[in-house]
Structure formats: structure tokens, C-alpha cells
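Below is one structure, written out as C-alpha cells, with a few remarks after it.
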Amino acid sequence: MGSPSASGSASGVGGEERELAALRAGDETAFLALVSRHHGAMLRVAAMFVKSRASAEEVVQEAWIGVLKGLHLFEGRSSLRSWIFKILVNCAKTRGMHDARAVVIALDELVDEGPSVSPDRFRDDTERWPGHWSQPPEPWPDARVESSEMVALVRQALETLPEAQRTVMSLRDVDGWDSGEVCELLGISEGNQRVLLHRARSKVRAFVEEQLGSEGSP
Amino acid sequence: MKLSVPDVSCRELVELVTEYLEARLPVEERTRFELHLGYCDWCRTYLRQMRQVRDAAEELTEESIAPEAKSALLAAFRDWKRGSGGDEP
Chain A
1 MGSPSASGSA SGVGGEEREL AALRAGDETA FLALVSRHHG AMLRVAAMFV KSRASAEEVV
61 QEAWIGVLKG LHLFEGRSSL RSWIFKILVN CAKTRGMHDA RAVVIALDEL VDEGPSVSPD
121 RFRDDTERWP GHWSQPPEPW PDARVESSEM VALVRQALET LPEAQRTVMS LRDVDGWDSG
181 EVCELLGISE GNQRVLLHRA RSKVRAFVEE QLGSEGSP
Chain B
1001 MKLSVPDVSC RELVELVTEY LEARLPVEER TRFELHLGYC DWCRTYLRQM RQVRDAAEEL
1061 TEESIAPEAK SALLAAFRDW KRGSGGDEP
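First to last, the sequence lines map onto chains A and B. If you use the working numbering, the first sequence closes out at 218, no skipped numbers anywhere. If you use the working numbering, the second sequence closes out at 1089, no skipped numbers anywhere.
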């Protein structure tokens, strides 16, 4: 199942035009490929606006219907992907209002979350070299970093993150979106996007460190 | 130069890593960041780990679509095809 392609867009502008032509011509394979490529990210994004997993799935289905309806009108001023996700977000917001779920980025994910690394790993201000490591990170063995174990740990860690952080890191690092696209889609500022990404990656790093450390060196 | 540029501490550096990787640090801070890395193995390790995390995330694939959802969409696509007939010839 899981698509092997690195991420995101249909390999460049020419690829997208071809894809669009195939879709408009009713090519089922092209349609299913498009659906598979974006499904996971669409669910993630939808989940930010609605209450339940089931609602998110419905929103994604609804968005695809919207995409089909609008396919003849799509002018290619944005990428196909951002057009699809714009439709998705509109559907999700409408549904979110029904669900009475206030959209969207929980502000407490932005403010006041404490530092990326526990303060007791640094020398305190009364010591020499205040603010420098007292318990520094140990390099991770290459063999483990390059193994599927590492990828599995990152997946596990991602699932533990608060929603906005998880969404931003997934879109950026898993799906390969650039920061501008993420900001536009979620309606957040560049700065906030970066804070969320930073929190997310820092926590994932800490999680991996803990797991690799607690299992002992090979 | 070194004299006029206050050092960044490790505790500060770990909070700047993402801005650094995103190339969003102002020049002066970037210089301090890199000066620090020049002598601090530990922070170099930290930075490398943040890159390793990012790179491992790239290897992940998103959840794939459930078969029922897939066939529902395919049915919708076929309806659409019948209804609007794809592009006019």
C-alpha cells in the first residue's frame, strides 16, 4: 500500500498538467493515484477542524466530491494540491461549525510550553559555563539511525504530539510541504508555524533519545 | 570579532535549531550559532540529531486509504464521469 513516492506534488508542472488532463478525461487510475497520494494528509488536516475520526473521514469524502464538481473550473492558478486542500479546509470548517468545535490551532501549543530540552541537563547560572550542557546528548549509532527502527520511533513519537504540532511536522517533514503552503492552509503565521515545527521536532528528538538510550547501546 | 559577539549558550542554541535549519536566523545570530558549533561537540551532536529526526520523518508514509472509502470514491468518480462526461471532445 503506502505510496513509495517521496511526497507531495505530481512531479512538477508538466506532470500536473498531464494528471489534470487524465482526471478530466475520466481516468480512474489517475484519480485513485491522486486520492492515495493525499488521503493521509487530508485526514490529518480535516481532523484539526472536526471532532471525531468519523467526521474527518466524511469531510475528506465530501471534499473529493467538491474536487470533482470543480474539476472543470480549476484554472491551475495554484497547484492542484493546494486547490484540493483549500476545498478540504472549506468542507472541514463548515463541518467543524456543526460539530461546535472551535477552530483551530490550540493556542497553548504556541505559548508557554517550556523549553525543548529539560533545564536540568544544563549547568545552572551559579556554575561555571552557565547554560552549557551538564548532561549532553550522546551521538546515536549510525547503524540505528539508518535502520527502520529509527523511522518507526519517529512515527511513534509523532503520534504522541499535540495536534497542531503533529499536523505541522507531518505536512512539512512527511509530506514535504514548504512553510508557505502550510501557513496558508492552516491560516497561521510563518512564525507560529516555525514554533510548532520546532516544538514537534524537539519532542520527537527527545523521544528517540530516550528510546535509543533506554534500550542500551548495541 | 569574537569579542564583540556574545556567545550563545547551549541552552539557547537548542531553541534556535529550527530557525537555523529553516535559514531564518538573522545574520548576526547565525554567526553566533555557528561560532558556538565550532567549539561545541555536544551542540553539533544535538543539531545532527535534529536533522536525523527530520530525515527519518521523510521516510514515513501517510496512512493509506481504507478499501471502503476507496470504493466509495471510485463510485463517486464514475457518477461524475457519467454526469459531466469528462471533457467535451
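The beta carbon of each residue, even a glycine, is placed where N, CA and C say it ideally should be.
What span of residues does the alpha helix (DSSP H) with Gln165(A) cover, start to end?
Glu163 to Met169
Mind checking if Glu1012(B) is an interface residue toward chain A, Cβ cutoff 8 Å exclusive?
yes
Ser36(A) - containing alpha helix (DSSP H), residue span:
Glu28 to Ala47
Would you say the beta carbon of Glu1063(B) is closer than 7 Å to some non-hydrogen atom of the ligand HEM?
In the structure shown, the ligand HEM is absent, as is every other ligand, since no ligand is present at all.
Taking the continuous alpha helix (DSSP H) assigned at Cys1095(B), which residues delimit it?
Any question about residue 1095(B) goes unanswered here, given that chain B covers just 1001 to 1089.
Looking at the secondary structure, which residues open and close the alpha helix (DSSP H) in which Gly180(A) lies?
Ser179 to Leu186
Report the CB separation of Val220(A) from Val168(A) in whole angstroms; it is logged as a contact under 8 Å.
Since the displayed chain A opens at 1 and closes at 218, residue 220(A) lies outside it and no answer follows.
In chain E, what lies closer than 7 Å to Val1053(B) by C-beta?
The question asks about chain E, but that chain is absent: this structure's protein chains are A and B.
Among Val50(A), Val35(A), Gly40(A) and Leu88(A), the one whose alpha carbon lies nearest that of Leu1074(B)
Val35(A)
Just the chain A side, please: which residues come within less than 9 Å of Leu1074(B) by C-beta, in chain order?
Glu28, Phe31, Leu32 and Val35
Any 3 or more C-beta pairs closer than 8 Å across the stretch 168 to 180 of chain A and the stretch 33 to 47 of chain A
yes
For the stretch 107 to 146 of chain A, list the beta strand (DSSP E) runs that are entirely contained and at least 3 residues long, ordered along the chain.
none
Look up Phe85(A) in the DSSP assignment and say whether it is helix, strand or coil.
helix
Where Glu149(A) falls: helix, strand or coil (DSSP):
helix
Glu19(A) and Leu80(A): beta carbons closer than 8 Å?
yes
Interface residues of chain B facing Ile65(A) [CB-CB closer than 7 Å]:
Ala1076
Whose C-beta lies closer than 6 Å to the C-beta of Asn90(A) among residues of the same chain, with five residues either side of it excluded?
none
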